[in-house]
Structures are given as structure tokens and as C-alpha cells.
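Q:
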Amino acid sequence: MKPMNIGLLGVGTVGGGTHAVLLRNRDEIARRAGREIVVRVAAARDLDKARRVVGPEIELTHDPFMVVRHPEIEIVAELIGGTDLARELVLAAIADGKHVVTANKALLAIHGNEIFRAAQERGVSVAFEAAVAGGIPIIKALREGLTANQIEWAAGIINGTTNYILSEMRDKGATFDAVLNEAQRLGYAEADPTFDIKGVDAAHKLTIIAALAFGIPIQLAKVHIEGIADLAQVDICNAEEFGYRIKLLGITKRVAAGIELRVHPALIPHRRLIANVEGAMNAILVKGDAAGPTMYYGAGAGAEPTASAVIADLVDVTRMHTADPDHRVPHFAFRPDRLSDVPVLPMGEVHSCYYLRMPVVDRPGVLADITRILADRKISVEAMLQREPAEGQEQVDIIFLTHMTQEKDINAAIERIEALPMTSGSVTRIRIESLDGK
Ligand code: NDP
Ligand code: HSE
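Counted from 1, the sequence shown has number 210 at position 137 by my numbering; the numbering is strictly sequential.
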């Protein structure tokens, strides 16, 4: 059978990795796909650099639209990144009747609804395993492996760069900037690393996970996003003392009133497997009503792990491309005409436990004032710690861990605590997630 011809848009970290793995495992991949999968033409800006990556055989061009419109290309692999040009290219490929494989979570989080509608109308596939959690086959697991389940929640470490930064800061006392530079050198970080640091990349991925888990449209604007830039070393150390580790989590949960969609740092009990996921590794816990909790672990970024996911999609599309579009697995697991309009909850409605660190002047009555404010909002304290003030200092940190409470109550209590005359700075609030599989 004639090979399946691929057009590669981008020959950077992921594009280069995809080319390398396709070449190295060519025979094995052909045995699985039923025919060879061959990169025929690739687009990049710096063609000398691209030539060094792909070798002499592949046609190279500056013009990504030439790849998209190439008559012999059947699948376009969009590995350029960004959202404007990538959107145009993907829509052009779809309009031309080509299947698309993409690793671009930003593109899908912002333009996914439009792109999947266009693909549906044109009867082509848009596959995106590499867009969430690098080499982990989480899309396949959610879309197919767990299809019998009502998904209750999914929570995960879905950004390798920030997990790498948190791990290195904790273990080696490295500075934030030094670790970020290393993450960029290793090819983990986004072209604009503030997407990683501010939690935006994790939010992109979370919208995709939620769409697959609950059959809802992609709703990036409704994600509550907090990154790791404001995390202080003192909170990382305090968390360890209480038996927790701080991770940047993406969480989506179905509760009676709607769906939670949130990205933020969280304290996780040490003893959970997911608390011990380090470096650029990712892990996602999914709770289904039938399967119970399942966990998926692996490299969340990097050339070959991500290439593994891109090629899995190329093989899937190669196997399925002659099938009647109506008999393919729907892009988002649910039939496109059966999506749900269940609301995404505002953050104030979310329930969680909290870590609160309050800088106060160490005077009689301070603790009583604080506990009265907490009691007024029916916030129950699980643990408390106050250290001796340093020699000659009056200021101390008081740390509370609370039981489950509603975010709007915690916020109201924090506002009152910060207004107390003896409070000497802002209160640090970090959510605690038990992730105990319930
Ligand atoms: P890179 O920056 O390493 O590579 C981008 C490639 O696209 C380069 O070859 C670049 O060419 C090319 N390119 C960019 N703009 C144009 C243009 N206008 N015309 C032609 N070529 C262009 O990015 P990554 O490989 O890291 O990321 C690619 C995608 O994969 C992104 O969407 C990213 O979010 C996603 N992703 C990345 C992961 C990772 O670990 N890096 C993991 C999972 C997903 P040139 O070099 O000549 O400028
Ligand atoms: N910048 C992303 C991360 C790449 O660090 O996880 C993988 O999506």
C-alpha cells in the first residue's frame, strides 16, 4: 500500500522529535498502521536549521500554506504553536479535506469549538493527543478507555515546566529564574514561558480535559487561573512540615450545581502518589463512577515523549481515514449534537480546605480575634501553628489549616483578618486537595 504522506508544520522541539521517532521506528509503526507513515514536506522559518534536523530527503519550505495545500499530503501535523497563524492553517487544511494532528493546546482552548465544528462538517479528523500531558495517552483514556463511566472529577499536574521549577526549588534550593532558564533549555517551556508560570498552559489543557470528561464545550474564559509566581519558599517549607507538598494542579469536578474548572497551586498530602511526581513529569488522576480512581503518569513535555503522542494520532488517523466519519470516535468523546450546557461554577461557589498564613504582631488577643472571624463564617480549623518570634521581633506567622469550607466564606474571613490592627501584611491562601479517590 502506498505510504501515508504527512506535511509537517514546524520542525522545532516537537516537529524534530516527531521526524526522528518516525524514522527510527519506521517499520514498527508501519506494521501497526498498515502502511508506512512518511514526512513528505515540512515548513519552518530557518530552513538551514530545519535541514539539519530532517536530513536531505524531505522537501522544505518557508510557506506553511504550501504544505497545507500540497496535493499529496493527507495529514497535516500542526507543530508550529501560537494561535493566529495556526488557526488559519488548520482551518485551511480542514477546508482542503485534510486530517489534522496538533500538539497545540492554546489553539484548541481558544479556537477549538470553531475548529471541531469545521472538521465535523468537512468529515475530517482533528487529533490532539499531544496537546495534553505530552507522552501520556490521557486523551485516549478519557475518550475511549473510560467511556462507560460518569466522570466525577479529574485533577492533575499538567504543566511540566512549573512542576520542574517547584521540584528543583524544593530539592536543590535553586532560584526560580535559574530553573526556568534550564526548563527553557530543555525544551519544556512554551515560546512565552509566562504561559507556564501563570498557569495559562495548564488552563488550556484543563479545558480540553473537561470537554472530554463531561461532554461540555471548551470554555477557557471560565477557568479560574492562578500560577506559581507568587509562591513563597516559606509556604513550600511550611507545607512540608504539615505533611503536604505544593503542586500546580488543574482540577475539574462535577458537583450538584455545575462544573468546577480551576488551576492553582495546592497542598497535596505527601502520601499520595501524585504528590511525588517530580521534575517535568505529569500525572492525572481521573475518578469515574465505575472504574473508581485511575492515574496516568509520564513525561509531560519534551521532544520524543510529545512525538510519541503525535505519532499515535498519525497512526489512528491512518487506520481510520477511510471509515465513514459518522463511525469514527467523536472528537470530544460525546456526539457533537449531545453536548451539555451544565454551567461552570464561579470560584466563590467552590468548596475546598485551605492553608492560611497570617503575618501578625504577637500581642494578646490576636489569636482570639482571628478565630472569632473564622467561627463567624463557620470555618472549622483542623490544625494551627505559631512559631516563636525571632529575637527582637514582634511579628510572627500564624498558620491555619481549615476543614472543608466555601471559597466565598474564606475570602470574606481573609478580608476581615487583613483589616485587624494587629495583622501586618496580606494573608496567604493556598487550597488543600486531599485527592483521596473519593
Ligand atoms: P518550537 O518553537 O521548538 O518549534 C516551532 C517550529 O515552528 C519551528 O520549527 C519554527 O521554525 C516553526 N515555525 C514557527 N512559526 C513559523 C512560521 N510562521 N512559518 C513556518 N514555520 C514556523 O516549538 P515546540 O516544538 O516546543 O512546540 C510546538 C507546539 O507543540 C506548540 O503548540 C506547543 O505548545 C506544543 N507542545 C510542545 C511541547 C514541548 O515539550 N515542547 C509538549 C507538548 C505540546 P523556526 O525554528 O525556523 O523558527
Ligand atoms: N510547556 C508545556 C509544559 C509543554 O511545560 O508542560 C507541554 O505541553
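Virtual Cβ for every residue (Gly too), placed ideally from N, Cα, C. Note that the structure is predicted; figures quoted are calculated from it, not measured.
1. Quick check on DSSP: helix, strand or coil for V112?
2. In the DSSP assignment, the beta strand (DSSP E) including Q514 goes from what residue to what residue?
3. If we ignore side chains and look at the alpha-carbon of each, how far apart do Q193 and P290 end up?
4. Can you list, in chain order, the residues of its chain with a C-beta nearer than 8 Å to that of P366? Leave out the 5 residues immediately preceding and following it.
5. Based on the DSSP secondary-structure assignment, which residues constitute the bridge partners of S425?
6. In whole angstroms, give me the CA-to-CA distance for V173 and F138.
7. Quick one: what does DSSP say I357 is sitting in, helix, strand or coil?
8. Indicate the three-state DSSP secondary structure (helix, strand or coil) for V205 in the structure shown.
9. Excluding the five sequence neighbours on either side, which residues of its own chain have a C-beta within less than 6 Å of the C-beta of G371, listed in chain order?
10. According to DSSP, is M139 helix, strand or coil?
11. Please state whether the Cβ-Cβ distance between T571 and I490 is less than 7 Å.
12. If you measure from each residue's Cβ to the nearest non-hydrogen atom of the ligand HSE, which ones come out under 6 Å, in chain order?
13. Give the straight-line distance between the Cα atoms of G373 and I298, rounded to the nearest whole angstrom.
14. Straight-line CA distance for A206 to T234?
15. Does the Cβ-Cβ distance between A227 and I309 come in under 7 Å?
16. So, for I146: in the same chain, excluding its five sequence neighbours on each side, which residues have a beta-carbon less than 8 Å away from its beta-carbon?
17. Which residue wins for smallest C-alpha separation from H143, given the options E255, L164 and D169?
18. May I have the straight-line CA-CA distance separating A305 from A123, to the nearest angstrom?
A: Put simply:
1. Here residue 112 is taken as the residue at index 39 of the sequence shown, counted from 1. Residue state, collapsed to three classes: strand.
2. Outside the shown range of the chain (74 to 511) lies residue 514, about which nothing can therefore be said.
3. Working through the sequence shown from its first residue, we reach residue 193 at position 120. Working through the sequence shown from its first residue, we reach residue 290 at position 217. A direct Cα-Cα distance of roughly 14 Å separates Q193 from P290.
4. On the sequence shown, residue 366 is found 293 positions in, with the first residue counted as 1. Taken in chain order, the residues that qualify are L358, V359, K360 and G510.
5. As a first step, residue 425 is located in the sequence shown; it is residue number 352 there, counting from the start. Note: S425 sits in a beta bridge opposite T478.
6. Your numbering for residue 173 matches position 100 in the sequence shown. Your numbering for residue 138 matches position 65 in the sequence shown. Near 14 Å, if we compare the C-alpha coordinates of F138 and V173.
7. The residue you call residue 357 lines up with position 284 of the sequence shown. Three-state result, I357: strand.
8. Residue numbering aside, residue 205 sits at position 132 when the sequence shown is read from its first letter. In this structure, V205 counts as coil in the three-state DSSP scheme.
9. Walking along the sequence shown from the start, residue 371 turns up at place 298. Taken in chain order, the residues that qualify are G208 and I209.
10. If you number the sequence shown from 1, residue 139 lands on position 66. Three-state DSSP puts M139 in a helix.
11. This structure cannot settle anything about residue 571, because the visible part of the chain is limited to 74 through 511.
12. Counting every residue whose Cβ lies closer than 6 Å to a heavy atom of the ligand HSE, we get G207, N232, G233, T234, Y261, A262, E263, D269, D274, G373 and A374.
13. As a first step, residue 373 is located in the sequence shown; it is residue number 300 there, counting from the start. As a first step, residue 298 is located in the sequence shown; it is residue number 225 there, counting from the start. If I take the Cα positions, the gap works out to 19 Å.
14. To locate residue 206, count along the sequence shown from 1; it is residue 133. To locate residue 234, count along the sequence shown from 1; it is residue 161. Rounded to whole angstroms, A206 and T234 show a C-alpha spacing of 11 Å.
15. As a working mapping, residue 227 is identified with position 154 in the sequence shown. As a working mapping, residue 309 is identified with position 236 in the sequence shown. Taking 7 Å as the Cβ cut-off, A227 and I309 do not qualify as a contacting pair.
16. Residue mapping note: residue 146 aligns to position 73 of the sequence shown, counting from 1. Cβ within range, chain order: N78, I79, G80, R113, V114, V140 and K171.
17. As a first step, residue 143 is located in the sequence shown; it is residue number 70 there, counting from the start. When each option's Cα is compared against that of H143, the closest is D169.
18. Reading the sequence shown from its first residue, position 232 is the one you call residue 305. Reading the sequence shown from its first residue, position 50 is the one you call residue 123. If you draw a straight line from the Cα of A305 to the Cα of A123, it comes to about 41 Å.
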